[in-house]
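Before any comments, here is the structure.
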Amino acid sequence: MMDLRKRYILYVTVLLFTGLNARGQDHLYSQYFNAPVYLNPALNGQFQGDFRANFNYRNQYTTSGSPSNYFTAALDYNIPQFGGGVGIMFNRSSEGGEFLNTNSIAGIYSYSVGSDNYILSFGIQAGVGNRNIDYSKLVFDDQIDPQLGIIPGASSAADALTFNNKYYFDTGAGINLVVGNFMVGGAMQHLNSPNDSFTGVPVKLPFRTTAYMTYRLDLDPDENMPDDEKSYLIPSVVYYKQSASQSTAAGLEYKHRSVSAGLMYRSGGESGPSAIVISLVFDLFVNRETEEKFRLGVSHDAQVSGLGYGGTSGSSEASINYQTVNPNRQDAPPKFEGNTHCYDFY
């Protein structure tokens, strides 16, 4: 029989290979515009109000045996004179039955230039990432009885990895352009190619590239009607690429007053899974005078390739957006008042 040390080395090799491939692609949200700061730092600080809080949660492949969970929390502050603002974002991912965990926190700054015809926004972010393996979630062969199976409470003689708790500095940047009812933008993450390897051999985290474009079609030609009472059709395309992994999503959203319904198809490229995504977004509370808003979004991905829907039960997402004002803040006219802004597309 192969001794414990050899089997441990073999197991960890497989574990690391699996983990590196899992991290070869950052998590993606199907409700991409309900996670604006995660999508593009150039969208930071752009909303009606002073403070905005965004929370996103994704449960991926619920019944696959090793589901993954992703969470993002972002808080940003609108500075009208900048046409942008400052913010902070926290991300957490738990993959492979939660044995592989990644956390990151970043500060964000954004600024806009433009005229009566367009708004061009820029955003940068910088922060710290951490990657670790939770050994309490793993079972080694000396914790398994040949007849009874896993031994509850048994400890293992296997040694933990030397670089199990890895910290690294990480950066990103983005750009966004709004011209009339058309918006296009893009972002790149991991610009400094940080090393997040668990071994002594450097493994650089590959760039994550995001590009998107969307159009807002006004279905109510009455110019005197407030925007939040109108109906819109909003088609959009979003493209992601990270190392050999890539994904293209194309969909259509119908927005009527405080309710939005969307249908999207996401292709996983040559080897990734494809899915049909259904989403619903509700603005549960909107105060026009104070620009206070509470939004709830839910969506579900039905995988149509790979393991299929029966093998995974798909993926589900929930998003919460809350924006409010500082009553003690002096009124400042927003930059490019009267223009269409990025937040008008979502």
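Going by numbering that gives the first Met the number 0, the residue at position 219 of the sequence shown is 218; the numbering climbs one at a time, nothing skipped. C-beta: ideal position from N, C-alpha, C; glycine also. Source: prediction; values computed, not measured.
Reduced DSSP secondary structure (H/G/I, E/B, other) of residue i
i, result
"Ala243", "coil"
"Asn191", "coil"
"Asp343", "helix"
"Asp25", "coil"
"Asp133", "coil"
"Glu316", "strand"
"Glu252", "strand"
"Asn20", "Its pLDDT being 41, under 50, Asn20 is placed unreliably in this model, and the value from its coordinates should be taken loosely. Note: Asn20 maps to helix in three-state DSSP."
"Asp75", "strand"
Span of the alpha helix (DSSP H) around residue i
i, result
"Leu42", "Unbroken run through Leu42: none, as it is neither H nor E."
Residue i - containing beta strand (DSSP E), residue span
i, result
"Gly267", "No beta strand (DSSP E) contains Gly267, which DSSP labels as neither H nor E."
"Tyr167", "165-178"
"Leu218", "Where Leu218 is concerned, there is no enclosing beta strand (DSSP E), given that its DSSP letter is neither H nor E."
"Ala34", "Careful: Ala34 lies outside any beta strand (DSSP E) and carries neither H nor E."
"Ser103", "99-113"
"Ser92", "83-94"
"Lys292", "291-302"
"Asp282", "274-286"
"Thr198", "Run containing Thr198: none; DSSP gives neither H nor E here."
"Arg328", "Run containing Arg328: none; DSSP gives neither H nor E here."
"Asn116", "Careful: Asn116 lies outside any beta strand (DSSP E) and carries neither H nor E."
Cβ-Cβ separation, residue j to residue i (assumed contact under 8 Å), whole Å
i, j, result
"Tyr117", "Leu176", "7 Å"
"Arg294", "Val280", "6 Å"
"Asn58", "Ala34", "Incorrect: roughly 15 Å between the Cβ atoms, too far for contact."
"Ser109", "Gly126", "So it is not a contact: roughly 15 Å between Cβ atoms."
"Asn55", "Glu316", "7 Å"
"Ala186", "Thr209", "5 Å"
Residues near residue i in its chain [Cβ-Cβ closer than 6 Å; skip 5 each side]
i, result
"Thr289", "Val324"
"Gln188", "Gly171, Arg207"
"Tyr345", "Phe32"
"Ser67", "Gln59, Glu94"
"Arg130", "Thr101, Lys165, Asp195"
"Arg321", "Per the sequence shown, residue 321 should be read as Tyr rather than Arg. So the qualifying residues of the chain are Ala52, Phe293."
"Thr247", "Tyr238, Ser266"
Same chain, Cβ closer than 7 Å to residue i, five either side skipped, listed in chain order
i, result
"Tyr76", "Gly44, Asp49, Phe50, Gly84, Val85, Gly86"
"Gly179", "Thr339"
"Tyr231", "Arg215, Leu216, Asp217, Leu218, Lys254"
"Val303", "Ser273, Ala274, Ile275"
Same chain only: Cβ atoms within 8 Å of residue i, ignoring 5 sequence neighbours per side
i, result
"Pro193", "Gly128, Tyr167, Phe168, Asp169, Lys203, Leu204"
"Pro326", "none"
"Ala301", "Ala274, Ile275, Val276, Ile277, Tyr308, Gly313"
"Leu190", "Thr170, Gly171, Ala172, Phe206"
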